[in-house]
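Contents: one structure, followed by commentary.
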Amino acid sequence: TIQTAFLGLLPVLIYFAGKRLHSPLAGLSAALFIIFKEANAISSTIWISTTTVKMSMSEVPTALFSVLLTLVLIAWLNAEKPAWHYPVLAGGVVGLATLVRHNTWIFVPLIALVALLKTPRDLRRVALMTLVSLAALTVSIAPWGWRIYHAEGDMFNFIRPIQRAIWQNRYLKDFNAA
233 TIQTAFLGLL PVLIYFAGKR LHSPLAGLSA ALFIIFKEAN AISSTIWIST
283 TTVKMSMSEV PTALFSVLLT LVLIAWLNAE KPAWHYPVLA GGVVGLATLV
333 RHNTWIFVPL IALVALLKTP RDLRRVALMT LVSLAALTVS IAPWGWRIYH
383 AEGDMFNFIR PIQRAIWQNR YLKDFNAA
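In the numbering used here, each residue carries its 1-based index in the sequence shown increased by 232.
As structure tokens, this is what we get:
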């Protein structure tokens, strides 16, 4: 019940993203679409296998982190003055998202792209903002890495599932088949 209530923030965050991108009506429409999607998913679990907010699966928390990252990146792009808290927040959100699901590592280059879009003429500043984001990402996953290091002796054991499940099983199969 607590997880469902916490993940009930998803429509609220989607509303704010839609509002920031276009208008309050767009935000409301997007929030209603996600509410209807979840209601239909819960109703259809009798007939089809799908994940819902009521299950302890990683899809919904990953969606929550993705929308939160979207809000941070939108605010960063819309900020008039350069502010260093946006790269820190973006890196922290991506770091926490990677603790839920490894697919979110794909967002790391997105942060660098937003930094480049924000200051296209100053590559030194882009590199610095990207490094600040990477530092925040590292700090956000450090406690888990420390725990894994003491439990298994390898702080970077997350690379094996990424390499095996994502890279070898998805991309290399398709690449070798072509």
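For glycine and all other residues, C-beta sits at the position ideal for the given N, C-alpha and C.
In the DSSP annotation of this structure, residue 312 is not part of any alpha helix (DSSP H), being labelled neither H nor E. Pairing residue 280 with residue 319 gives a Cβ-Cβ distance that is not under 8 Å. A direct Cα-Cα distance of roughly 34 Å separates residue 355 from residue 293. The continuous alpha helix (DSSP H) containing residue 361 extends over residues 355-384. Your pair residue 249 and residue 306 checks out as a contact, with CB atoms roughly 7 Å apart and the cut at 8 Å. Shown here, residue 337 sits in a helix according to DSSP, grouped into three states. Here residue 375 is exposed: its Cβ has fewer than 16 other Cβ atoms, across all protein chains shown, within 10 Å. Short of 6 Å from the beta carbon of residue 290, and not among the five residues preceding or following it, lie these beta carbons of its own chain, in chain order: 332, 333. In summary, residue 365 is buried, with 16 or more beta-carbon neighbours lying within 10 Å of its beta-carbon over all protein chains present.
Considering only 361, 381, 263, 377, the residue with the shortest C-alpha distance to residue 345 is 361. Here residue 327 carries a helix assignment [DSSP, helix/strand/coil].
Of 252, 266, 378, 298, the smallest CA-CA separation from residue 325 is found for 298.
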